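Just below is one structure, and these are the notes that go with it.
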Amino acid sequence: MPNNPFKLPYGRQSIDEADIEAVVSVLRDDWVTQGPRVAAFERSVAAKVGARHGVAVSSGTAALHSACHAAGLKEGCEAIVPALTFAATAAAVRLTGAEVRFADIDPETLCLSPESAEAALTGGSRAILPVDFAGQPCRWKALSDLASARSLVTIADAAHSLGGEYEGRPVGSLADMSCFSFHPVKAITTAEGGMTVTDSELYRAELLKLRGHGIVRDPAQFLESAKASEVWDYEIQAVGLNYRISDIQCALGISQLRKLDDYIARRGELAALYSATLANSDLLNLPKVACGRKSAWHIYVVRLNLEALSVSRAHIFEELRAQGLGVQVHYKPLHLHPYYRRRYSLKRGDFPNAEAFYGSAITLPLFPAMADQDVLDVCQIVNDVLHSYRR
Ligand SMILES: *Cc1c(COP(=O)(O)O)cnc(C)c1O
45 MPNNPFKLPY GRQSIDEADI EAVVSVLRDD WVTQGPRVAA FERSVAAKVG
95 ARHGVAVSSG TAALHSACHA AGLKEGCEAI VPALTFAATA AAVRLTGAEV
145 RFADIDPETL CLSPESAEAA LTGGSRAILP VDFAGQPCRW KALSDLASAR
195 SLVTIADAAH SLGGEYEGRP VGSLADMSCF SFHPVKAITT AEGGMTVTDS
245 ELYRAELLKL RGHGIVRDPA QFLESAKASE VWDYEIQAVG LNYRISDIQC
295 ALGISQLRKL DDYIARRGEL AALYSATLAN SDLLNLPKVA CGRKSAWHIY
345 VVRLNLEALS VSRAHIFEEL RAQGLGVQVH YKPLHLHPYY RRRYSLKRGD
395 FPNAEAFYGS AITLPLFPAM ADQDVLDVCQ IVNDVLHSYR R
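Numbering-wise, the sequence shown is residues 45 to 435 according to my numbering.
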């Protein structure tokens, strides 16, 4: 990793010769974009996660925005978003004109609390966007029950959880629409890219329209009768964007998907090794996976026991970075950022579980190419730094 400033970044892609060959072969081919590999990648991901359709787009953010649009979110509607998530979950809602209603997380699993989500609902609520934080699926049974009782569309932000399972069902088959990201730190990569999967033909049609300028080419789907002779004709049925992904990226995605099970298994092994090695530390709280759920282990987040330490989280963080560990913090809750704080008059204290987590969290390096010894080295550094600041 010559260009990375850290010996061990918090996450990174795994690229092998088969991936390189797959990408290079597209460059020798006629289609570098809008060719056959996009549809092939969509079919492979959808089949893998137990969904009927997949619509691949240029990023996970584009997938979330497309899903919010397909769900009919618009000005005058609201959608529930956990306070603890990446910027994109809430931005996807706002980009449709709808308003965000934040809800708190469950303190153990760090996923959207169904009770907090229910309390945040209003008459204008149309959708709910649970985030499978760190790779652990949310309490989907409770969330689905809530959604059906209140006629809400469920849009899973599954950017962390491709390869995860809830009660034996794969992530991707649990919500009305599920959105994946293929950024290099995620489970599989297309460099940049994303996908929404769904069982609904209706949502699929809307996702495709937003991806491609609102254009419909199939005469059977035309709103106004087409002249059979005008073979070039198409209809613009809505305002859309260019959210397309290229064949170059999808060729990489197809090759990466073949290794998804191995990647997830390796992530699970490394996480288990972290947990076993750090289990005896009273200076740390380790991540917990609730029963009935298989985490995809996107990130391994520990929480510092700050009461037993003589320095701040920031101090520990900087020392770990100085020792070559590319630690991170995921995430500062969205309601503490100026845009949302000001727009919705939010303040510190509004979502105590998300804030308490944020106050002590540090993400340790975790990616499939790590060796067992890398994990042991990280644990050694973490333990040494923490013990030097024991109160
Ligand atoms: C990565 C991520 C996204 C956005 O994905 P991009 O492909 O980077 O646009 C959305 N939500 C969460 C929780 C993420 O981690």
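Where a beta carbon is used, it is the ideal one built from N, C-alpha and C, also for glycine. Model, not experiment: these values are computed from the prediction.
Proximity test, residue i beta-carbon vs ligand 1 heavy atom, cut-off 7 Å
i, result
"D201", "yes"
In DSSP terms, what residue i is bridged to
i, result
"S290", "T77"
"P222", "What sits at residue 222 in the sequence shown is Ser, not Pro. DSSP lists A200, V241 as partners of S222."
"S169", "E122"
"V144", "A123"
"K338", "E209"
"N329", "R347"
"A100", "M239"
"P53", "G370"
"L156", "I149"
"V260", "E279"
"T407", "V345, Q372"
"V175", "D201"
Straight-line Cα distance separating residue j from residue i
i, j, result
"L364", "A309", "27 Å"
"L3", "I360", "It is not possible to answer for residue 3, since the shown part of the chain is limited to 45 through 435."
"V419", "V283", "49 Å"
"T242", "E250", "11 Å"
"R302", "L196", "34 Å"
"E211", "R170", "26 Å"
"N286", "A235", "18 Å"
"C423", "A135", "36 Å"
"M45", "S244", "The predicted model places M45 with a pLDDT of 46, which falls under 50 and marks its position as unreliable, so this point remains unresolved."
"V373", "V260", "43 Å"
"E362", "P174", "31 Å"
"D291", "F395", "42 Å"
"T129", "T140", "19 Å"
"A405", "L348", "6 Å"
"A127", "A66", "39 Å"
"D305", "M239", "18 Å"
"S157", "V70", "44 Å"
"N427", "S325", "8 Å"
Chain-ordered residues, beta carbon under 7 Å from a heavy atom of ligand 1: S103, G104, T105, A106, L108, T129, F130, A132, T133, V175, D201, A203, H204, S225, F226, H227, K230, E236, G237, G238
For the region 144-160 against the region 214-223, are there 3 or more C-beta pairs whose distance is under 8 Å? no
Cβ pair count under 8 Å reaching 3, the region 187-207 against the region 224-241: yes
The region 75-89 in contact with the region 173-189 per 3-pair CB rule at 8 Å: no
Any chance the region 396-416 sits against the region 335-351, with 3 or more Cβ pairs inside 8 Å? yes
Could you tell me whether the region 303-323 touches the region 369-383, using the rule of 3 or more Cβ pairs below 8 Å? no
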